[in-house]
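In terms of our numbering, the sequence shown has 70 at position 60, counting the first letter as 1, and numbering is strictly consecutive. From the three backbone atoms N, C-alpha and C, an ideal C-beta is built for every residue, glycine too. Reviewing the structure listed below.
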Amino acid sequence: MSPSTMTAAVLAVSQPTADGGPFEQIASKFLGLLWAFSGWVALASFLVGAAVYAYQKATMQQSSVTSWLMGILVLVFCGAAGATIVNWAMGS
Numbered sequence: 011m012s013p014s015t016m017t018a019a020v021l022a023v024s025q026p027t028a029d030g031g032p033f034e035q036i037a038s039k040f041l042g043l044l045w046a047f048s049g050w051v052a053l054a055s056f057l058v059g060a061a062v063y064a065y066q067k068a069t070m071q072q073s074s075v076t077s078w079l080m081g082i083l084v085l086v087f088c089g090a091a092g093a094t095i096v097n098w099a100m101g102s
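So, in structure tokens, the structure goes:
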């Protein structure tokens, strides 16, 4: 599933229907949990990334493992922070 398809699916589910829909309350709770989880993931990846950066600076070593870890954490942070910002911008 492409990212644009996933984004369209999330936006379609988050739009209220005229009659309320049978799954609207469930979808709303699911999206609320998804957004909250993405915020916690963003915070955790930021803190772990800061710890990895501080470790690299304190030891003055930069191994390939810590470089890979830092790159993965930056990608996770950007994705989770982006999802949280989209939720904030939608006003949910």
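Thinking C-alpha only, which one of the options is nearest residue i?
i, options, result
"F87", "S48, A37, K39, A52", "A52"
"A60", "G101, S38, L83, M70", "L83"
"G92", "A37, I36, E34, A46", "A46"
"A54", "M100, A90, V96, A99", "A90"
"S78", "T69, A68, V62, I36", "Before going on, a small fix: residue 78 reads as Trp here, not Ser. For the residues T69, A68, V62, I36, the minimum Cα distance to W78 belongs to V62."
Below 6 Å CB to CB, which residues in the same chain sit around residue i once its five sequence neighbours on both sides are set aside?
i, result
"G49", "T94"
"F56", "F87"
Looking at the structure shown, is residue i part of a helix, part of a strand, or coil, going by DSSP?
i, result
"S73", "coil"
"G89", "helix"
"F40", "helix"
"F56", "helix"
"G81", "helix"
Within a Cβ cutoff of 8 Å, which residues of the same chain sit near residue i, ignoring the five residues on either side of it in sequence?
i, result
"Y65", "T76"
When we look at the beta-carbon of residue i and count the other beta-carbons within 10 Å, is it buried (16 or more) or exposed?
i, result
"S73", "exposed"
Output yes if chain B places a C-beta closer than 8 Å to the C-beta of residue i; else output no.
i, result
"S77", "Of the protein chains in this structure there is only one, and it is not chain B."
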